[in-house]
Ligand code: UD1
Ligand code: CA
């Protein structure tokens, strides 16, 4: 296959977004807008992608470098936005082969590889066209008596009612030889209503020199450019449905109202419930239950795990069959072992729990290492921070930490040791020992009644 470069025009500011962020960097389903056309070009088989950037160029360039590090994607700067023709010139200028070039706009998030491939499949000059109900704002496809495409007339340049009545529009995908594109772009003149260089004028240039663009009938619904936040929201809705349906076809139950962003992986027979949010590099195994309202960001969840309602997990690993929640908070670098339990109002950070370990209620477990089958009681706090440094709490296998204990790190509780309820542990506890640090209880007979009488008398005196 000959070389094919895609040139994606994305230098515009996106004024209607009313934002400090350039339009192409606004996220949809977890990825900046510009991701989608670049992805479509790569998936359609383009060997190189050139993105023409302008507004927010540093941000866009840096994003492209990281997101597409393994592909031939590069940014070219268009200093001033003199129109789509000028932008295309900048992009095409850097192409150093004599294969094919595809030019399209960067504000089309719903475009898929198939839409690009359809235009690419034509060996001659080709452009996508589609028929829409309301053609306001679009360039109109003008055909001659023989139905050949001879021109694209921009909305602002329409002259007659017959032209205004045209409902076949230019969604903006062009494919030609590199040689033709370079020659046609060199001839552009800004003699139009906006005083800009129009990419679309390459069509009349071709017609005048006796060649025509082949019109590829395309899907209007996916090729609409998006310009404001209302259109962003609509497009995102479509994208999220597409993502959810793809998971459903792979055997995942996705309940209405779950939000699964682009790039998340989920195994078969998992159930993702209402209000759950899965995003970033999250990977969920098979047979996992993600219950209502859970939020997973960059998390790995292995097979058979149960995440009970409203658990929040970030940059952590949950191993096979573990149970988390309801209302658990796993902060970065938590690693919850197979069959382990983390219960309600337990917060972990940089803590590794081995197989079968349990912390079922109300605890803060920061910078910890917890051994197999160890049990951490309600109200346990790992005092990991001295105001300057973080220290590690180590609990060895089968140890038992009684409720309401404070473990002042650095400290180690040996295998099989007990920490009595209410103990403040400041020294290491040897294996199989009992650590207890609390004053002995004393019961004073009859003292309850005596106290009550005294308090009542005090109240009566006040009146
Ligand atoms: C363009 C087309 C119109 C088509 C419509 C489809 C032209 C002249 N018009 O109009 O026929 O129906 O898209 O949505 O091509 N851009 C640059 N540099 C510039 C100007 C624009 O990179 O100097 C980029 C923008 O960032 C955007 C794309 O080109 O991604 C389209 O530009 P825009 O101004 O939105 O064109 P439209 O007026 O919508
Ligand atoms: Ca547009």
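Residue numbers (the numbering used here): 4 to 466. Heads up, the beta-carbon is just placed ideally off N, CA and C, and yes, glycines get one too.
query                                                                                                                                                                       : result
To the nearest angstrom, how far is it from the Cα of residue 401 to the Cα of residue 390?                                                                                 : 31 Å
Nearest CA to the CA of residue 209: which residue from 242, 281, 386 and 185?                                                                                              : 185
Please report how far the alpha carbon of residue 154 lies from the alpha carbon of residue 203, in whole angstroms.                                                        : 8 Å
With burial defined as no fewer than 16 other Cβ atoms inside 10 Å of the residue's Cβ, what is the status of residue 464: buried or exposed?                               : exposed
Spatial neighbours of residue 160 within its chain, please: CB distance less than 6 Å, with the 5 preceding and 5 following residues excluded, ordered by chain position.   : 195 and 196
Could you tell me whether the stretch 217–230 touches the stretch 98–106, where touching means 3 or more Cβ pairs closer than 8 Å?                                          : no
Mapping DSSP to helix, strand and coil, what is residue 214?                                                                                                                : coil
Determine the DSSP secondary structure at residue 40, reduced to helix, strand or coil.                                                                                     : helix
Specify, as a first and last residue, the run of the beta strand (DSSP E) that residue 361 falls within.                                                                    : 361–369
Which runs of the beta strand (DSSP E) spanning at least 3 residues fall entirely within the stretch 365–413, listed in chain order?                                        : 371–373, 384–386, 396–398 and 409–411
Would you list, in sequence order, the uninterrupted alpha helix (DSSP H) runs of no fewer than 4 residues that lie entirely inside the stretch 85–145?                     : 87–96 and 116–123
Do residue 119 and residue 32 have their C-beta atoms within less than 8 Å of each other?                                                                                   : no
Considering only the alpha carbon of each residue, which of 302, 327 and 177 lies closest to residue 220?                                                                   : 177
At a cut-off of 7 Å, is residue 161 close to ligand 1 when judged by its beta-carbon and the heavy atoms of the ligand?                                                     : no
Mark residue 444 as exposed unless 16 or more other C-beta atoms lie within 10 angstroms of its C-beta, in which case mark it buried.                                       : exposed
Determine the burial state of residue 82: buried for a count of at least 16 other Cβ atoms within 10 Å of its Cβ, exposed for fewer.                                        : exposed
Where do the N-terminal and C-terminal ends of the beta strand (DSSP E) with residue 180 fall, by residue?                                                                  : 176–180
Just to confirm my understanding: we take residue 378, look at its own chain, exclude 5 residues before and 5 after, and list those with CB closer than 6 Å. What are they? : 361 and 403
Terminal residues of the continuous beta strand (DSSP E) containing residue 346?                                                                                            : 344–352
Counting only runs that start and end within the stretch 245–284, where is the beta strand (DSSP E) found for 3 or more residues in a row?                                  : 280–282
Less than 7 Å separating the Cβ of residue 166 from some heavy atom of ligand 1?                                                                                            : no
Determine the DSSP secondary structure at residue 300, reduced to helix, strand or coil.                                                                                    : strand
Is residue 425 helix, strand or coil when you go by DSSP?                                                                                                                   : coil
So if DSSP puts residue 9 in a beta bridge, which residue, or which two residues, is it bridged to?                                                                         : 52 and 105
For my contact list, residue 72 and residue 14 are in at a C-beta cut-off of 8 Å; report their separation, rounded to the angstrom.                                         : So it is not a contact: roughly 22 Å between Cβ atoms.
Compute the distance between the beta-carbons of residue 54 and residue 78, then report whether it is under 8 Å.                                                            : yes
So the candidates are 289, 88 and 50; which of them puts its Cα closest to the Cα of residue 253?                                                                           : 289
For residue 327, which residues does DSSP report across the bridge?                                                                                                         : 310 and 345
Return yes when the Cβ of residue 10 is within less than 8 Å of the Cβ of residue 140, no when it is not.                                                                   : no
DSSP three-state label for residue 74, please.                                                                                                                              : coil
Could you tell me if the beta carbon of residue 85 falls within a distance shorter than 7 Å of some heavy atom in ligand 1?                                                 : yes
When the Cα of residue 310 is compared with those of 318, 301, 316 and 293, which residue comes out closest?                                                                : 293
If you compare alpha carbons, which of 45, 270, 99 and 385 is closest to residue 472?                                                                                       : This structure cannot settle anything about residue 472, because the visible part of the chain is limited to 4 through 466.
In this structure, does DSSP put residue 33 in helix, strand or coil?                                                                                                       : coil
Out of 56, 37, 86 and 100, which one is the CA nearest neighbour of residue 70?                                                                                             : 37
Starting from residue 156, trace the beta strand (DSSP E) in both directions and tell me its first and last residue.                                                        : 152–156
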